[in-house]
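Quick notes on the structure that follows.
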Amino acid sequence: MDYLLTRISILMNVGVFRVEKDSVKSYQEHSELNPIACSGELRAKLIHEASKQKLPYIYKDEYSVYFACIQAENVNYLIGPMSIRLIERVELHRFYRSYGIVEAQEKRLVHFSFAEVLDIVEVVAKLLLQEEYMIMI
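In numbering that gives the first Met the number 0, the protein residues as written are 0 to 136.
Put into structure tokens, the structure is as follows:
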């Protein structure tokens, strides 16, 4: 499973994390600057909201950047960030600052179509839960 989650993270160019109790494991290379790694508040929000439903939880922040949480048994898998538009430099600075990342370490976000965001979440959910979800847009 670790191998597949690492490959998904690399191929889709998105962070994938495993959160179990207070332990955070990253499947993304150089994940120390990922908002999921840096913000305990973001992790807690994703996990809390996902616990209220059976489906994977997808969260859109104020910058139109998506994050997801998939709960499998007592483990949470977090995915993101996934931007659906090109974010200008000033707004990108605000985005990173809101998650506690210093300006010197900011980098451009890869942007996806909304359908690609759903596809990424669907593939990871299928791997973790062995369930398929019909996505209707």
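Every residue, glycine too, gets a C-beta built ideally from N, C-alpha and C.
Residue i in three-state terms, based on DSSP
i, result
"Glu-72", "coil"
"Ser-8", "helix"
"Phe-111", "coil"
"Gly-14", "strand"
"Tyr-2", "helix"
"Ile-100", "coil"
"Lys-106", "coil"
"Tyr-95", "helix"
"Ser-30", "helix"
Cβ neighbours of residue i in the same chain (closer than 8 Å, five flanking residues each side left out)
i, result
"Leu-128", "Ile-69, Ala-71"
Rounded Cβ spacing between residue i and residue j (contact assumed at less than 8 Å)
i, j, result
"Glu-28", "Ile-9", "7 Å"
"Tyr-95", "Val-15", "Not a contact, Cβ separation roughly 20 Å."
"Val-120", "Ile-57", "6 Å"
"Asn-73", "Glu-131", "Not really, about 23 Å apart at Cβ, beyond 8 Å."
"Gly-99", "Ser-38", "6 Å"
Other residues of its chain near residue i: CB distance less than 6 Å, five sequence neighbours each side excluded
i, result
"Ser-82", "Val-64, Leu-108, His-110"
"Asn-33", "Gly-14"
"Thr-5", "Tyr-26"
Cβ-based burial, residue i [other Cβ within 10 Å; buried from 16]
i, result
"Leu-54", "exposed"
"Leu-85", "exposed"
"Ser-25", "buried"
"Val-101", "exposed"
Validate contact between the stretch 87 to 96 and the stretch 40 to 59 using beta carbons, cut 8 Å, 3 pairs: no
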